[in-house]
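Here is the structure:
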């Protein structure tokens, strides 16, 4: 696989992106195209080449004269910066010079650029950011995590179908449990969007388990959690804040307690395992489901490990031909609906 990486995207670009690309080619058989301002990238790649031994012919630099900054308005940036590193990445995919697009940059701009150049999968109304979220027994998919803040029931239905295809064919979950995030487990609970979406999901052949509450998500009651992007993003940001707070409280408690202080070496081992489970660097990035080519969007604060893992996620997405599976599932659902009318 050849992966186009927005080397200028993210808070720590381009250093972490270059190092992440090197780690990816060392660990996999994939090639990486570093897209960005070539004078900067050549200098930085030379610096990292002194630290790592890697197959240099499998990392190439493609010039892009502009950069979409993290704080820019997505629509304006995409409209005016036709030679941005994001735009060039997408053009490489469209021209079949790359198999997937990866960015740690402005997520709104990454989505808008993907929509402009890669287009939607036929039959899909809106793409969705499908975040991998840690649970007590593994991980689940939050669909949507922020791409669409105002949704209709038909959109959430498609989020479920796309999430189901990704969970089955990329994550290997045979019959994913689909739940819709609500304020109570009873089917009468929720706003009009939740209630109407539930009615649609019941008509599908998805393994729909009904409403789940926010507290059910980390308990692994569902493999795919459906919600609009506003709710999903608030849930994720709140969860991140709570996790950070708990970590700080534990550290403060250890420092203030002599007995706990003596057990620090053992606690560090346990905390390291916990951190690995909840750290977004371990998952790398979230696929943008619904655009007509593999696209993975990472966290702006990502380090080189996250970049490496995002590239691996993108390669797996492309290898498993997830977009074809999504298109087939959408067509099958539409056919079943017509036959039952």
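In this note's numbering, the protein residues as written are 1316 to 1656. Just so it is clear, CB atoms sit at the ideal spot from N, CA and C, and this is done for glycine as well. Being a predicted model, the structure only gives us computed values, none of them experimental.
- Message: Please report the straight-line C-alpha distance between residue 1340 and residue 1366, rounded to a whole angstrom.
- Response: The residue you call residue 1340 lines up with position 25 of the chain shown. The residue you call residue 1366 lines up with position 51 of the chain shown. So the two alpha carbons sit approximately 15 Å from each other.
- Beta-carbon proximity check, residue 1460 vs residue 1324, cutoff 8 Å: Position 145 of the chain shown, counting from 1, holds the residue named residue 1460. Position 9 of the chain shown, counting from 1, holds the residue named residue 1324. Not in contact: residue 1460 and residue 1324 (Cβ atoms no closer than 8 Å).
- Message: I'd like the list of long-range same chain contacts for residue 1356, defined as Cβ closer than 8 Å, with 5 residues on each side in sequence excluded.
- Response: Locating residue 1356 in the chain shown gives position 41, where the first residue counts as 1. Excluding sequence neighbours, residue 1356 sits near 1322, 1329, 1333, 1349, 1376.
- Reducing DSSP to helix, strand and coil, say where residue 1568 ends up. Position 253 of the chain shown, counted from the start, is the residue given in the question as residue 1568. Reduced to three states, the DSSP call for residue 1568 is helix.
- Query: residue 1316: which of 1371, 1645, 1609 sits nearest, CA to CA?
  - Reply: Your numbering for residue 1316 matches position 1 in the chain shown. Per the Cα distances, 1609.
- Quick one: is residue 1394 buried, meaning 16 or more other Cβ sit within 10 Å of its Cβ, or exposed? As a first step, residue 1394 is located in the chain shown; it is residue number 79 there, counting from the start. It counts as exposed.
- Query: How far does the beta strand (DSSP E) with residue 1468 in it reach, from first residue to last?
  - Reply: On the chain shown, position 153 is the one that residue 1468 refers to. Boundaries for residue 1468: no beta strand (DSSP E) harbours it, while the alpha helix (DSSP H) harbouring it runs 1468 to 1484, taken from the DSSP string.
- Query: Cβ of residue 1421 within 8 Å of Cβ of residue 1626?
  - Reply: As a position in the chain shown, residue 1421 is number 106, starting the count at 1. As a position in the chain shown, residue 1626 is number 311, starting the count at 1. It is not a contact, given that the beta carbons lie outside the stated cut-off.
- Message: Between residue 1476 and chain C, is the shortest Cβ-Cβ distance under 8 Å, so that the two count as touching?
- Response: Considering every chain present, this structure includes no chain C. It has just one protein chain.
- Rounded to a whole number of angstroms, what is the C-alpha to C-alpha distance between residue 1496 and residue 1541? Position 181 of the chain shown, counting from 1, holds the residue named residue 1496. Position 226 of the chain shown, counting from 1, holds the residue named residue 1541. The alpha-carbon atoms of residue 1496 and residue 1541 are separated by roughly 6 Å.
- Opposing strand residues paired with residue 1346 [DSSP bridges]: What you label residue 1346 is simply residue 31 of the chain shown in a count that begins at 1. In the DSSP assignment, residue 1346 forms a beta bridge with 1317.
- Query: Which whole-angstrom value is the C-beta distance of residue 1463 and residue 1539, which I expect to be below 8 Å?
  - Reply: The count along the chain shown starts at 1 and reaches residue 1463 at position 148. The count along the chain shown starts at 1 and reaches residue 1539 at position 224. A Cβ-Cβ separation of about 16 Å leaves residue 1463 out of contact with residue 1539 under the 8 Å criterion.
- CA-CA distance, residue 1392 and residue 1606? As a position in the chain shown, residue 1392 is number 77, starting the count at 1. As a position in the chain shown, residue 1606 is number 291, starting the count at 1. Taking the straight line joining both Cα atoms gives about 19 Å.
- Query: What separation, rounded to the nearest whole angstrom, lies between the Cα atoms of residue 1382 and residue 1613?
  - Reply: One-based indexing of the chain shown puts residue 1382 at position 67. One-based indexing of the chain shown puts residue 1613 at position 298. Near 17 Å, if we compare the C-alpha coordinates of residue 1613 and residue 1382.
- Task: Would you list the one or two residues that DSSP bridges to residue 1662?
- Result: This structure cannot settle anything about residue 1662, because the visible part of the chain is limited to 1316 through 1656.
- Query: Where does the unbroken alpha helix (DSSP H) through residue 1404 begin, and where does it stop?
  - Reply: As a working mapping, residue 1404 is identified with position 89 in the chain shown. Counting along the chain, the alpha helix (DSSP H) containing residue 1404 begins and ends at 1400 to 1409.
- Message: If you reduce the DSSP assignment to three classes, tell me which class residue 1463 lands in.
- Response: By 1-based counting over the chain shown, the position of residue 1463 is 148. Shown here, residue 1463 sits in coil according to DSSP, grouped into three states, outside any helix or strand.
- Message: Which residue wins for smallest C-alpha separation from residue 1419, given the options 1506, 1389, 1331?
- Response: The count along the chain shown starts at 1 and reaches residue 1419 at position 104. Looking only at 1506, 1389, 1331, the smallest Cα-Cα distance to residue 1419 is reached by 1331.
- Message: Tell me the rounded alpha-carbon separation between residue 1352 and residue 1359.
- Response: What you label residue 1352 is simply residue 37 of the chain shown in a count that begins at 1. What you label residue 1359 is simply residue 44 of the chain shown in a count that begins at 1. Going by C-alpha positions, residue 1352 is about 11 Å away from residue 1359.
- Item | residue 1337 classed as buried or exposed, judged by whether at least 16 other C-beta atoms fall within 10 angstroms | Your numbering for residue 1337 matches position 22 in the chain shown. Burial call: buried.
- Report the partner residues of residue 1660 according to the DSSP bridge assignment. An answer regarding residue 1660 cannot be provided, because it is not within the stretch 1316 to 1656 covered by the chain.
- Query: Who are the near neighbours of residue 1492 in its chain, counting only those whose CB is closer than 6 Å to its CB and skipping five residues on each side?
  - Reply: Your numbering for residue 1492 matches position 177 in the chain shown. So the qualifying residues of the chain are 1522, 1524, 1537, 1538.
- Item | Every unbroken beta strand (DSSP E) inside the stretch 1415 to 1451 [3 residues or more] | Secondary structure within the stretch 1415 to 1451: the beta strand (DSSP E) runs of 3 or more consecutive residues, fully enclosed, are 1415 to 1418, 1443 to 1450 (chain order).
- Task: Inspect the CB distances between the stretch 1483 to 1492 and the stretch 1632 to 1642 and report whether three or more fall short of 8 Å.
- Result: By the Cβ rule, the stretch 1483 to 1492 counts as touching the stretch 1632 to 1642, because three or more pairs are nearer than 8 Å.
- Answer with buried or exposed for residue 1390, where buried requires no fewer than 16 other C-beta atoms within 10 angstroms of its C-beta. Residue mapping note: residue 1390 aligns to position 75 of the chain shown, counting from 1. Answer is exposed; the Cβ neighbour count stays below 16.
- Item | Contact under 8 Å by Cβ, residue 1415 with residue 1633 | Here residue 1415 refers to the residue found at position 100 when the chain shown is read from its first residue. Here residue 1633 refers to the residue found at position 318 when the chain shown is read from its first residue. Cβ distance < 8 Å, so residue 1415 and residue 1633 count as in contact.
- Query: On the three-state DSSP scale, how would you describe residue 1283?
  - Reply: The first residue shown for the chain is 1316 and the last is 1656, placing residue 1283 beyond what the model contains.
- Message: Spatial neighbours of residue 1405 within its chain, please: C-beta separation below 7 Å, excluding the five flanking residues on both sides.
- Response: Start at 1 with the first residue of the chain shown, and residue 1405 comes out as number 90. Within the same chain, 1416, 1428, 1429, 1432, 1433 come within 7 Å of residue 1405 by CB-CB distance, once the 5 residues on both sides are set aside.
- Length of the line joining the Cα atoms of residue 1400 and residue 1369: Taking the first residue of the chain shown as position 1, residue 1400 is located at position 85. Taking the first residue of the chain shown as position 1, residue 1369 is located at position 54. Looking at the two C-alpha atoms, the distance is approximately 24 Å.
- Identify which residue in 1645, 1602, 1650, 1371 has its Cα closest to the Cα of residue 1631. In the chain shown, the residue the question calls residue 1631 occupies position 316. The shortest Cα separation from residue 1631 among 1645, 1602, 1650, 1371 belongs to 1602.
- Message: Comparing C-alpha positions only, which one of 1426, 1373, 1327, 1363 sits nearest to residue 1388?
- Response: By 1-based counting over the chain shown, the position of residue 1388 is 73. With distances taken between Cα atoms, residue 1388 lies closest to 1426.
- Message: I need the DSSP call for residue 1521, collapsed to helix, strand or coil.
- Response: Looking up residue 1521 in the chain shown gives position 206. Three-state DSSP puts residue 1521 in coil, outside helix and strand.
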